[in-house]
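*Asks:*
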Amino acid sequence: MTGDTTTAENVAPAQVPVGLLTCQHTPYLKQFTTTVLSCSKKPNKQKLYEVQLQDTILFPEGGGQPCDYGTLNETIEVKNVQRVGTSHVHHTSAPVQEGIEARLQVDWPRRFDHMQQHSGQHLVSAIFEQPEYGCNTLAWGMNATRCHVELSKPPTPEQVQEVEDRLNLYIRRNYPVHVTFTDQRPDTLPKDYVGPNGVFRVIEIMEDLDTIAAEQDPIGTQAPQDPKQERRLVRLDYNPCCGTHVTSLKDLQCIKLLHQEKIRGGNSRLFFVVGQRALNLLQETHQVTRDLASVLSAPGGPETFVDTVVKGQKQARESFKQVKTLFKEIAAYQLRDWIQELNNNSPVQADGSTGPAYVVKYHREDADMDYLVLLTSMLKDNDLLLGHRIFVLSAGEKKEGGPMVITGKSDDLVKKAAAEVSKFVEVKGGGKGRWQGKSKSWKGLEAAHAAAEALLRNETA
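Per UniProt numbering, the very first residue in the sequence shown carries number 1; after that it's consecutive.
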């Protein structure tokens, strides 16, 4: 007898498509055994092997949700999972033999965080889209610390607080989250995604009417619901989604709405955190307030921060005015010294010309650019920018660098002096008549001064 002798045992199993994956219908499963269908012979550009499994508990990136991480057979890291159409590809740290059983373990803290944020986003969007707010969700995003929804218009601060209160009320009520399917293809799905068997996955959040009735009972006479009695549920949210979600809102723990940013077309980007991220943010904020209390010498805590900062700003303004006044006095004394120095080394002749070319070198560690500009203005006002005089002024600590100003009567000579100085000091700048720049260090400043002096000798020889 002849014919096809292929048996069920030697037919390669088909890959379960995205939309029906175990990670999607059983999102709380942390370990899972499946079959390796294929593995690339060589690693890709990221030095990872591309592995196809029959099924998976590791979510492939999609719908705004990052992929899961995990391990394969305990020792091989899964560092990326991607969707290709309805297929899924695991990127692993080492090759895997085709046909063997593979035991997957998901990075649960990462997975549960993504479940909290994604389900939280569905709830946030559902409430903002209610008629009383009219803020439709146009897009959303999730990074390692924050999530955001892009809304069609910015809600008022009062509306944001009202929505946050509603969100956390629904979490306390422990509304259920269901996964269902529809044969109507939503317009929001990626073009390359075709639902398995022509159906598409939908996430719906249900509102429990019995819970609401019990809360509205003013004296608590509402009889407890019989656990066997079917709950009266109405749909609160109904949206297509491929992500992993909690099965009840209690697992969200809490939602905190943060700040808004105005973006294109009058839209608003509203940031939020859910669950453990909200607790992490609270801990971070608490630590920052403790650190600030120490820095500001405000033992009263956050309640005294504003008064302490306002007082500090007032003191800083007063100190700045005092410093500015003192530097003006110092500049006047410095100008007097320069006049004496120039009279001795480059005096004005009877015909109005100056004597020999001369470089005035000046550096002050505790000064800044404002002080150097003040000095150059005083030089001009006192007619000291004459002939072949060049002033090379700098400020700042030697290791940290700071501002520099080079000025004189001749713009050409100033530019040449700046070029020579730049050979010895790492300084960048420019300007006409008054060259100014900034250096990262004053190492080599003495050599720069000497180079400027040599330039003037050569130019006027």
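From the three backbone atoms N, C-alpha and C, an ideal C-beta is built for every residue, glycine too.
Where does N267 fall in DSSP's three states?
*Replies:* DSSP places N267 in coil when its eight states are reduced to three.
*Asks:* Taking DSSP's pairing of strands, which residues face G62 in a bridge?
*Replies:* For G62, which the question treats as bridged, DSSP gives the partners Q65.
*Asks:* Can you name, in chain order, every residue of its own chain whose Cβ lies under 6 Å from the Cβ of G301, other than the five neighbours on each side?
*Replies:* Closer than 6 Å at Cβ, skipping near neighbours: A293.
*Asks:* Could you tell me whether the stretch 58–71 touches the stretch 102–109, where touching means 3 or more Cβ pairs closer than 8 Å?
*Replies:* Counting Cβ pairs under 8 Å, three or more are found: they touch.
*Asks:* Using only the alpha-carbon positions, how far apart do I263 and L372 sit?
*Replies:* Those two C-alpha atoms are separated by around 42 Å.
*Asks:* Write down the C-beta distance between residue 471 and T34 rounded to the nearest angstrom, noting that I regard them as a contact closer than 8 Å.
*Replies:* The requested residue 471 is not part of the displayed model; the chain covers only 1 to 461.
*Asks:* Three or more C-beta pairs closer than 8 Å, one from the stretch 144–154 and one from the stretch 114–124: is that the case here?
*Replies:* Output reads yes: the stretch 114–124 touches the stretch 144–154.
*Asks:* Is it buried or exposed, N80, if we count other Cβ atoms within 10 angstroms and call 16 or more buried?
*Replies:* Flag for N80 reads buried.
*Asks:* With DSSP as the reference, identify every bridge partner of L252, one or two as the case may be.
*Replies:* Its beta-bridge partners do not exist; DSSP assigns none.
*Asks:* Can the beta-carbon of V177 be found less than 8 Å from the beta-carbon of H114?
*Replies:* No, they are not a contact pair.
*Asks:* Judging by CA-CA distance, which residue of I100, D411, V96 and L58 is the nearest neighbour of R83?
*Replies:* Closest by alpha carbon: L58.
*Asks:* To the nearest angstrom, how far is it from the Cα of T86 to the Cα of T182?
*Replies:* Computed Cα separation, rounded: 17 Å.
*Asks:* By DSSP, does L281 sit in helix, in strand, or in coil?
*Replies:* L281 falls in the helix class under three-state DSSP.
*Asks:* Excluding the five sequence neighbours on either side, which residues of its own chain have a C-beta within less than 6 Å of the C-beta of K438, listed in chain order?
*Replies:* Correct list, in chain order: P403.
*Asks:* Helix, strand or coil for L48? Go by DSSP, reduced to three states.
*Replies:* Residue state, collapsed to three classes: coil.
*Asks:* Inspect the beta-carbon positions of K328 and L384 and report whether they are closer than 8 Å.
*Replies:* It is not a contact, given that the beta carbons lie outside the stated cut-off.
*Asks:* Given V16, which residues of its chain have a CB within under 7 Å of its CB, disregarding the five upstream and five downstream residues?
*Replies:* Same-chain partners within the cutoff: Q54 and D55.
*Asks:* Inspect the beta-carbon positions of K250 and N174 and report whether they are closer than 8 Å.
*Replies:* Cβ distance < 8 Å, so K250 and N174 count as in contact.
*Asks:* Threshold first: 4 residues or longer. Then list the alpha helix (DSSP H) segments lying entirely within the stretch 76–154, N to C.
*Replies:* Complete alpha helix (DSSP H) runs here, min 4: 108–128.
*Asks:* Return the CA-CA distance between A8 and A14, expressed in angstroms with no decimal places.
*Replies:* For A8, the pLDDT reaches just 35, beneath the cut-off of 50, and the residue's location in the model is therefore unreliable, leaving the point undetermined.
*Asks:* Please report the residue range of the beta strand (DSSP E) in which E207 lies.
*Replies:* F200 to D208 is the span of the beta strand (DSSP E), which, as asked, contains E207.
*Asks:* Closest to L151 by C-alpha separation, out of W140, G387 and Q116, would be which residue?
*Replies:* Nearest option by C-alpha distance: W140.
*Asks:* Please identify the residue among D411, A450 and K432 whose C-alpha is closest to the C-alpha of S422.
*Replies:* For the residues D411, A450 and K432, the minimum Cα distance to S422 belongs to A450.
*Asks:* In the DSSP output, which residue or residues are listed as bridge partners for residue 482?
*Replies:* With the chain running from 1 to 461 in the structure shown, residue 482 is simply not present.
*Asks:* Do the stretch 395–412 and the stretch 425–434 make contact, defined as three or more Cβ pairs closer than 8 Å?
*Replies:* Contact between the stretch 395–412 and the stretch 425–434 is present, because at least three Cβ pairs lie under 8 Å.
*Asks:* How should R235 be labelled, buried or exposed, when 16 other C-beta atoms within 10 angstroms of its C-beta is the threshold for buried?
*Replies:* By the 10 Å Cβ count, R235 comes out exposed.
*Asks:* Would you tell me roughly how many angstroms separate the C-alpha atoms of T460 and L342, rounded to the nearest one?
*Replies:* Distance between the alpha carbons of T460 and L342: 17 Å.
*Asks:* Going along the chain, which residues of its own chain have a beta-carbon closer than 6 Å to the beta-carbon of G62, five neighbours each way excluded?
*Replies:* Hits under 6 Å: R83 and C242.
*Asks:* In its own chain, which residues sit with a C-beta less than 7 Å from the C-beta of G265, not counting the 5 before and 5 after it?
*Replies:* Result list for G265: empty, nothing under 7 Å.
*Asks:* Quick check on the DSSP output: the alpha helix (DSSP H) that includes P347 runs from which residue to which?
*Replies:* Premise fails: P347 is in no alpha helix (DSSP H) and is neither H nor E.
*Asks:* Can you look up D183 in the DSSP assignment and give me helix, strand or coil?
*Replies:* If DSSP states are grouped into helix, strand and coil, D183 belongs with coil.
*Asks:* Can you name the residues that DSSP bridges to Y362?
*Replies:* Paired residue(s): L393.
*Asks:* Mark I127 as exposed unless 16 or more other C-beta atoms lie within 10 angstroms of its C-beta, in which case mark it buried.
*Replies:* Answer is buried; the Cβ neighbour count reaches 16.
*Asks:* Distance, Cα to Cα, A447 vs E420?
*Replies:* Cα to Cα, A447 sits roughly 10 Å from E420.
*Asks:* So, at 7 Å on beta carbons, what are the nonlocal neighbours of V11 in its own chain, with the 5 sequence-adjacent residues on each side left out?
*Replies:* Any reading at V11 is ruled out, since the residue's pLDDT is 44, under 50, leaving its predicted position unreliable.
*Asks:* Just to confirm, is the Cβ distance from V18 to A102 under 8 Å?
*Replies:* No; because the gap between Cβ atoms is not below 8 Å, this pair is not in contact.
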